Amino acid sequence: MVVNPAAGGGTAKEVGASFARTVVDAGCEIVGLSALSADVALSNVRGALRDIDALVVVGGDGMVHLGVQAVAQTDVPLGLIPVGTGNDFAAATGVPLVPADAIAAVMRRVVDGTAPRSLDLLRVEGAGVEGGAPRWVAGAVSAGLDAAVNARANRMRFPKGASKYVVAAVREILSYRSWGYRLQVEGVDLTPPLRAGLERFPGVMIESSAVAGEHHLRWESRGALVTAANTSTIGGGIRVAPDALLDDGLLDLILARDVGALTAGKLFPLMIAGKHLQSEDLRAVRARTVTMESSDAPADWPAVYGDGERIGTLPVRVEVAPGALRLLA
1 MVVNPAAGGG TAKEVGASFA RTVVDAGCEI VGLSALSADV ALSNVRGALR
51 DIDALVVVGG DGMVHLGVQA VAQTDVPLGL IPVGTGNDFA AATGVPLVPA
101 DAIAAVMRRV VDGTAPRSLD LLRVEGAGVE GGAPRWVAGA VSAGLDAAVN
151 ARANRMRFPK GASKYVVAAV REILSYRSWG YRLQVEGVDL TPPLRAGLER
201 FPGVMIESSA VAGEHHLRWE SRGALVTAAN TSTIGGGIRV APDALLDDGL
251 LDLILARDVG ALTAGKLFPL MIAGKHLQSE DLRAVRARTV TMESSDAPAD
301 WPAVYGDGER IGTLPVRVEV APGALRLLA
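Residue numbers for the sequence shown follow the numbering used here, so the first one is 1 and each next one is one higher.
This is how it looks when you write it as structure tokens:
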């Protein structure tokens with residue numbers, strides 16, 4: 001078990017203690033791997049990986065992010081007890097948002113021996129990744145206005161809870177800016193309606209693929225938002241990719257052109273409700289990989305965030321890894 005002691009306004013410690021008692025009462029052994037820093041906690045988990053039957057994290061999406069760095073593409077399943085700000089991954093996977101219910105759900109899986117669910121992850125690599133090593137992302141990779149909102153929300157101490165993402169979004173829209181993008185998208189599921197929509201979207205070039213039924217595309221344009229999503233929501237319920245699925249072997253790529261502050265302000269309430277893709281200013285594409293680069297000067301390259309955590313800047317390559325996570329849910 002790894003606990004984020006700051007999650008839930010400090011309640012995560014109590015929740016973790018409750019889970020530990022439940023595990024012991026069930027006749028199982030629990031190993032505490034928490035630490036004062038995320039890096040040390042991750043090192044603890046990796047060191048214990050061969051000796052544990054499951055990893056359970058107590059916290060929010062940041063703890064999910066920590067967990068998948070260790071268990072991705074291994075036989076060790078991940079359990080989640082959500083005590084966080086956004087809890088987008090828990091909501092996407094049906095994990096109970098009440099800690100006591102989540103504890104009970106994890107224990108049912110452990111005691112009954114029910115097979116974990118097999119879910120996709122996103123693998124992020126490239127020169128822009130801080131530290132150089134590839135990173136795993138469970139939810140979504142953001143590189144644009146959405147990443148700027150994430151960065152601002154992480155700095156805010158008030159308001160508490162998911163509402164801080166809304167406040168951060170409003171402030172970022174008021175100081176609106178766009179970025180220059182060069183995207184290469186591979187393994188596109190190109191339906192006739194999608195082709196027609198992409199042909200009307202500025203900067204898109206559709207290319208044939210050597211794989212039957214697949215296409216590639218390029219997008220070179222100034223834009224406001226680029227999100228590669230595995231789950232449907234970010235920022236505590238903002239439905240940026242409303243049709244995203246966790247087990248389809250594809251990522252959902254959301255693109256927004258350079259719309260300006262006024263239109264961005266109009267689109268944001270639609271995004272919360274998952275209705276923004278009706279706008280001609282956005283497109284959604286399902287694909288296997290996307291390589292993101294910036295045409296701006298290096299000082300202006302957009303930041304990249306995943307699961308609410310800073311990953312680095314562009315350039316990065318994001319690839320879906322089908323079935324890379326085994327989840328106790």
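Positions of the beta carbon are idealized from the N, C-alpha and C atoms, including for glycine.
These numbers were taken from a predicted model, which means no experiment stands behind them.
For Trp301 and Thr313, believed in contact at Cβ under 8 Å, the rounded distance:
For this step, residue 313 is matched to residue 313 along the sequence shown. For this step, residue 301 is matched to residue 301 along the sequence shown. Sure, about 4 Å apart at Cβ, within 8 Å.
Cβ of Leu325 within 8 Å of Cβ of Ala41?
Counted from its first residue, the sequence shown places residue 325 at position 325. Counted from its first residue, the sequence shown places residue 41 at position 41. Cβ atoms of Leu325 and Ala41: not closer than 8 Å.
If you check the beta carbons only, do Ala7 and Val98 fall under 8 Å apart?
By one-based count along the sequence shown, residue 7 stands at place 7. By one-based count along the sequence shown, residue 98 stands at place 98. Contact: no.
Nearest-angstrom Cα distance between Leu49 and Pro96?
As a first step, residue 49 must be located in the sequence shown, where it is residue number 49. As a first step, residue 96 must be located in the sequence shown, where it is residue number 96. It is roughly 26 Å from the alpha-carbon of Leu49 to the alpha-carbon of Pro96.
For Pro159, which residues in the same chain have their Cβ closer than 7 Å to its Cβ, ignoring the five residues on either side in sequence?
Your numbering for residue 159 matches position 159 in the sequence shown. Excluding positions up to five away in sequence, the list reads Val167.
Suppose the cutoff is 7 Å on Cβ atoms and the five residues either side in sequence are ignored; what does the same chain contact list for Ser221 look like?
If you number the sequence shown from 1, residue 221 lands on position 221. Only Tyr181, Pro202, Gly203, Arg257 meet the Cβ criterion.
Can you list, in chain order, the residues of its chain with a C-beta nearer than 6 Å to that of His65? Leave out the 5 residues immediately preceding and following it.
In the sequence shown, the residue the question calls residue 65 occupies position 65. If the five residues before and after His65 are omitted, its C-beta is found closer than 6 Å to the C-beta atoms of Asp307, Glu309, all from its own chain and listed in chain order.
Relative to the C-alpha of Gly331, which candidate in Glu29, Ala90, Gly32, Asp75 has its C-alpha closest?
With the chain running from 1 to 329 in the structure shown, residue 331 is simply not present.
With respect to the alpha helix (DSSP H) encompassing Thr263, which residues constitute its N-terminal and C-terminal limits?
The residue given as residue 263 occupies position 263 in the sequence shown. That run of the alpha helix (DSSP H) goes 260-273.
At which residues does the alpha helix (DSSP H) containing Gly67 begin and terminate?
Indexing the sequence shown from 1 puts residue 67 at position 67. Segment 61-71, the alpha helix (DSSP H) holding Gly67.
Excluding the 5 residues preceding and the 5 following Gly197 in the sequence, name in chain order all residues of the same chain whose CB lies nearer than 7 Å to its CB.
Within the sequence shown, numbered from 1, the residue matching residue 197 stands at position 197. Counting only Cβ-Cβ distances below 7 Å, and skipping sequence neighbours, we find Arg283.
Please work out which residues of its chain come closer than 6 Å, Cβ to Cβ, to Ala153, disregarding the five sequence neighbours upstream and downstream, and give them in chain order.
Position 153 of the sequence shown, counting from 1, holds the residue named residue 153. Closer than 6 Å at Cβ, skipping near neighbours: Lys164, Tyr165, Ala168.
Classify Ser209 as helix, strand or coil using the three-state DSSP reduction.
Reading the sequence shown from its first residue, position 209 is the one you call residue 209. Looking at Ser209 - three-state DSSP - the assignment turns out to be coil, as it is neither helix nor strand.
So the candidates are Val124, Gly260, Gly187; which of them puts its Cα closest to the Cα of Tyr176?
Translated into positions along the sequence shown, residue 176 becomes position 176. Comparing Cα positions, the closest option is Gly260.
Where DSSP assigns a beta bridge to His216, which residues make up the other side?
What you label residue 216 is simply residue 216 of the sequence shown in a count that begins at 1. For His216, which the question treats as bridged, DSSP gives the partners Glu207.
Environment of Asp53 [buried if 16+ CB atoms lie within 10 Å]
Residue 53 sits at position 53 when you count from the first residue of the sequence shown. Classification of Asp53: exposed, given that the 10 Å Cβ count is below 16.
How many Å lie between Met205 and Gln184 at the Cα?
In the sequence shown, the residue the question calls residue 205 occupies position 205. In the sequence shown, the residue the question calls residue 184 occupies position 184. Distance between the alpha carbons of Met205 and Gln184: 10 Å.
Out of Ile311, Leu174, Gly187, state which residue places its alpha-carbon closest to the alpha-carbon of Thr263.
To locate residue 263, count along the sequence shown from 1; it is residue 263. Ranked by how close their Cα comes to the Cα of Thr263, the residues Ile311, Leu174, Gly187 have Leu174 in first place.
DSSP three-state assignment for Ala297, whether helix, strand or coil
Sequence index remark: in the sequence shown, residue 297 carries index 297 (1-based). Coil, per DSSP.
Do Leu122 and Val318 have their C-beta atoms within less than 8 Å of each other?
Counted from its first residue, the sequence shown places residue 122 at position 122. Counted from its first residue, the sequence shown places residue 318 at position 318. Taking 8 Å as the cut-off, the Cβ atoms of Leu122 and Val318 count as close.
Tell me the DSSP secondary structure of Met292 in three-state form.
Residue mapping note: residue 292 aligns to position 292 of the sequence shown, counting from 1. Under the three-state reduction of DSSP, Met292 is assigned to strand.
Does the distance from the CB of Ala147 to the CB of Asn230 come in under 8 Å?
One-based indexing of the sequence shown puts residue 147 at position 147. One-based indexing of the sequence shown puts residue 230 at position 230. Asn230 is positioned such that its CB atom lies no closer than 8 Å to that of Ala147.
Look at the alpha carbon of Ala303 and the alpha carbon of Gln69, and state the distance between them as a whole number of angstroms.
Taking the sequence shown and counting its residues from 1, one reaches residue 303 at position 303. Taking the sequence shown and counting its residues from 1, one reaches residue 69 at position 69. About 20 Å.
Label Thr11 either buried or exposed according to how many other C-beta atoms from any shown protein chain fall within 10 Å of its C-beta, with 16 as the threshold for buried.
Position 11 of the sequence shown, counted from the start, is the residue given in the question as residue 11. Exposed is the call here.
Report, in whole angstroms, the separation of the C-beta atoms of Leu328 and Gly79, which I expect to be a contact under 8 Å.
The residue you call residue 328 lines up with position 328 of the sequence shown. The residue you call residue 79 lines up with position 79 of the sequence shown. With a Cβ gap of about 4 Å, Leu328 and Gly79 count as contacting.
Exposure label - Ala321; buried when at least 16 CB within 10 Å
Here residue 321 refers to the residue found at position 321 of the sequence shown. Ala321 is buried by the Cβ-count criterion.
Quick one: which unbroken alpha helix (DSSP H) runs of 4-plus residues sit fully inside the segment 115-168? Chain order, please.
Segments of the alpha helix (DSSP H) lying fully in the segment 115-168: 145-155.
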